[in-house]
Amino acid sequence: MAHLGNYIYVVSAALFILSLKWMNSPATARRGVFAGETGMLLAIVGTVVAHDIFNWQWILAAFLIGTAIGVPIAYIMPMTAVPQRTAMSHACGALAAALVGTAEFYRANQLHETLSPPVMVALVLETLLGFLTFTGSLMAMGKLQEILPQRPITYRNQNAVNFLLFAVALGLGVRLILVPSDTWIFPIFAGLSLIFGVLLIIPIGGADMPTVIALLNSYAGLSACAMGFALNNNLLIVAGALDGSSGLILSIIMCKAMNRSFTNVLFGAFGQIQTSAAQTQQRNYRSASPEEAASVLEAAASVIIVPGYGLAVAQAQHKIRELYDNLMRRGVDVKFAIHPVAGRMPGHMNVLLAEADIPYDRLWEMDDINGEFAQCDVALVIGANDVTNPGARTDKSSPIFGMPILDVDKARTVMVIKRSMNPGFAGIDNDLYYLDKTLMLFGDAKAFVSEIVKELPAKVGV
Ligand code: NAP
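In terms of the numbering used here, the sequence shown opens at residue 34 and continues consecutively.
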């Protein structure tokens with residue numbers, strides 16, 4: 034039976050790898066999710082088979098309870114709440130890994146089994162990462178859900194205190210590796226790991242949480258990988274390594290797209306810059322009505338729509354689809370420019386636009402579309418701000434200096450739908466709004482696009 038279990042594990046691991054590959058593109062993402070789910074189901078079946086588990090009823094009960102909770106959450110949760118939902122998943126996964134490690138540690142000690150140094154290294158890593166990821170993810174979820182204050186909470190010598198605490202936890206972990214029978218150390222070690230998770234997250238601003246969540250994802254994966262070594266389970270090693278590395282790669286991509294370093298995200302208290310950098314000086318800008326905006330769009334031959342976080346807040350994707358259909362029917366060439374960190378999580382815009390069935394071949398990545406803005410008649414920015422800020426190219430004092438942006442300012446006419454002149458995530462003014470070619474369209478994205486669509490049909494056939 035162990036052989037059969039291992040064969041099932043191989044298929045399961047292959048499905049996990051394919052799942053990651055397929056999730057790379059919106060066209061194959063659904064298949065990717067299905068492959069991941071099937072892989073996980075096979076992993077459970079493989080474990081029952083490989084270990085000849087007689088009490089499989091417990092596993093089935095856990096599977097059914099998990100499914101009963103997870104499936105409704107997927108439907109109830111709005112898209113804008115996905116980052117905090119992801120944080121919740123990581124908290125549960127990390128806690129599971131930490132508790133399995135804890136149980137294994139006490140079980141082996143009670144039965145006077147030898148816990149060899151390699152197994153203890155794996156157990157210590159598993160529980161350390163598992164516990165800190167558990168509380169860290171809960172803190173991240175609290176910040177994103179605004180249950181906890183979003184601003185970074187800082188105090189003097191914070192990094193030194195955190196470092197010291199981590200060093201003590203690590204020291205106790207080393208002691209446990211050397212003398213596993215010192216069971217009294219374990220609760221202190223676990224407690225410090227839990228506290229460190231909280232302290233690690235409180236100095237980070239709520240808006241940086243998506244990057245931190247990707248990093249916590251990586252920790253949870255590494256914890257599961259360590260669990261695989263501790264329990265001698267190959268599939269856990271493979272799945273944990275995939276999870277750990279993909280989380281790390283994702284956070285690196287996000288940091289690069291924001292031109293930030295890991296240290297800046299983790300220790301930079303970025304949310305504080307938001308208030309200090311917000312400008313108050315009055316500058317002139319032009320605004321326009323939905324009717325005027327419709328006229329500009331009607332006269333255009335090419336339009337590039339730039340969606341951002343405001344699109345997600347307003348849930349304007351279906352209205353944007355109506356606008357897209359309308360313009361395409363008129364022979365206007367409409368494309369969507371997707372910035373890698375538009376919105377609040379990777380792929381945020383792709384998911385929203387896919388929900389409205391916007392054809393994938395109309396979605397263009399930043400590097401591919403930037404050359405097209407100069408030839409485009411209208412750039413229509415909908416709820417995006419930082420990702421269009423030309424200051425990122427020129428203003429060395431700007432917190433987003435160096436961040437690659439969409440070259441919206443190069444279009445012949447720019448129209449920006451947002452509710453006010455308020456800044457976005459980075460808390461800074463956007464020079465784009467004060468250009469002669471820019472028209473500000475003030476209002477909620479969904480309502481404003483709907484007004485534009487209403488104005489457009491009246492002009493058909495005129
Ligand atoms: P943004 O800079 O945060 O700007 C969003 C804009 O949407 C705001 O200026 C807001 O202006 C407007 N808005 C909000 N609700 C709206 C509504 N109902 N209708 C119309 N407009 C609305 O967003 P972004 O341009 O997408 O840039 C993303 C930012 O998040 C970047 O700075 C990025 O570094 C950061 N970030 C992204 C990720 C990621 O993975 N995607 C992760 C971490 C951080 P008003 O209030 O005036 O309406």
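Ideal Cβ positions, reconstructed from N, Cα and C, are used throughout, including at glycine.
Reduced DSSP category for residue i - H, G, I as helix; E, B as strand; rest coil
{"i": "ARG293", "result": "coil"}
{"i": "GLU179", "result": "coil"}
{"i": "TRP397", "result": "strand"}
{"i": "PRO456", "result": "coil"}
{"i": "PRO185", "result": "coil"}
{"i": "ALA236", "result": "A small fix is needed here, since residue 236 is Pro in this sequence, not Ala. Reduced to three states, the DSSP call for PRO236 is coil."}
{"i": "THR308", "result": "At THR308 the pLDDT is 46, less than 50, meaning the model places this residue with poor confidence; the figure from the coordinates comes in the next sentence. Helix at THR308."}
{"i": "PHE262", "result": "helix"}
{"i": "LEU203", "result": "helix"}
{"i": "SER483", "result": "helix"}
{"i": "ILE391", "result": "coil"}
{"i": "ARG316", "result": "coil"}
{"i": "GLU488", "result": "helix"}
{"i": "ILE371", "result": "strand"}
{"i": "ALA478", "result": "helix"}
{"i": "ASP366", "result": "strand"}
{"i": "ILE433", "result": "coil"}
First through last residue of the beta strand (DSSP E) which encompasses residue i
{"i": "ILE106", "result": "From DSSP, ILE106 is part of no beta strand (DSSP E) but of the alpha helix (DSSP H) over 89 to 109."}
{"i": "ILE338", "result": "335 to 340"}
{"i": "MET473", "result": "471 to 475"}
{"i": "ALA417", "result": "Looking at the DSSP string, ALA417 is not in any beta strand (DSSP E), and its letter there is neither H nor E."}
Identity of the residue in the options nearest residue i by Cα
{"i": "SER431", "options": "GLY460, PRO243 and GLY204", "result": "GLY460"}
{"i": "THR135", "options": "TYR42, VAL194, SER256 and GLY65", "result": "SER256"}
{"i": "GLU398", "options": "ASN57, LEU48, VAL44 and LEU37", "result": "ASN57"}
{"i": "LEU156", "options": "ASN317, MET287, VAL231 and CYS258", "result": "CYS258"}
{"i": "MET448", "options": "PRO456, TYR467, GLY435 and GLY364", "result": "TYR467"}
{"i": "ARG189", "options": "GLY273, PHE300 and ASP358", "result": "PHE300"}
{"i": "THR80", "options": "VAL44, ILE106, PRO59 and PRO105", "result": "VAL44"}
{"i": "TYR393", "options": "SER453, SER328, PRO373 and PRO59", "result": "PRO59"}
{"i": "ILE218", "options": "LEU227, ILE228 and GLY206", "result": "GLY206"}
{"i": "ALA478", "options": "GLY261, PHE199 and GLN350", "result": "GLN350"}
{"i": "ALA240", "options": "PRO185, PHE96 and ARG118", "result": "PRO185"}
{"i": "THR421", "options": "ASP215, VAL365, LEU385 and TYR342", "result": "TYR342"}
{"i": "TYR40", "options": "GLY72, ARG362 and GLY65", "result": "GLY72"}
{"i": "PHE196", "options": "LEU181, LEU225 and PRO213", "result": "LEU225"}
Beta carbon of residue i nearer than 8 Å to that of residue j
{"i": "LYS176", "j": "MET242", "result": "yes"}
{"i": "ALA425", "j": "ILE415", "result": "no"}
{"i": "ILE338", "j": "LEU413", "result": "yes"}
{"i": "GLY280", "j": "ASN250", "result": "yes"}
{"i": "PRO236", "j": "THR187", "result": "yes"}
{"i": "LEU275", "j": "LEU75", "result": "no"}
{"i": "ALA68", "j": "LEU51", "result": "yes"}
{"i": "GLU388", "j": "VAL486", "result": "no"}
{"i": "GLY254", "j": "GLY273", "result": "yes"}
{"i": "PHE222", "j": "LEU209", "result": "yes"}
{"i": "ILE391", "j": "PHE406", "result": "no"}
{"i": "ASP410", "j": "ALA333", "result": "yes"}
{"i": "VAL298", "j": "VAL245", "result": "yes"}
{"i": "GLN117", "j": "GLN178", "result": "yes"}
{"i": "ARG395", "j": "VAL367", "result": "yes"}
{"i": "PRO437", "j": "ASP464", "result": "no"}
Delimiting residues of the alpha helix (DSSP H) encompassing residue i
{"i": "VAL43", "result": "35 to 55"}
{"i": "MET448", "result": "Note, MET448: premise wrong, no alpha helix (DSSP H); beta strand (DSSP E) at 446 to 451."}
{"i": "ASP358", "result": "350 to 362"}
{"i": "ILE77", "result": "62 to 83"}
{"i": "PHE138", "result": "115 to 143"}
{"i": "VAL329", "result": "323 to 332"}
{"i": "GLY424", "result": "424 to 427"}
Any non-hydrogen atom of ligand 3 within 7 Å of residue i CB
{"i": "PRO437", "result": "Of the ligands this structure carries, namely ligand 1, none is ligand 3."}
- prompt: Counting Cβ pairs, one atom from each stretch, are 3 or more of them under 8 Å apart for the region 131 to 146 and the region 96 to 114?
  reply: no
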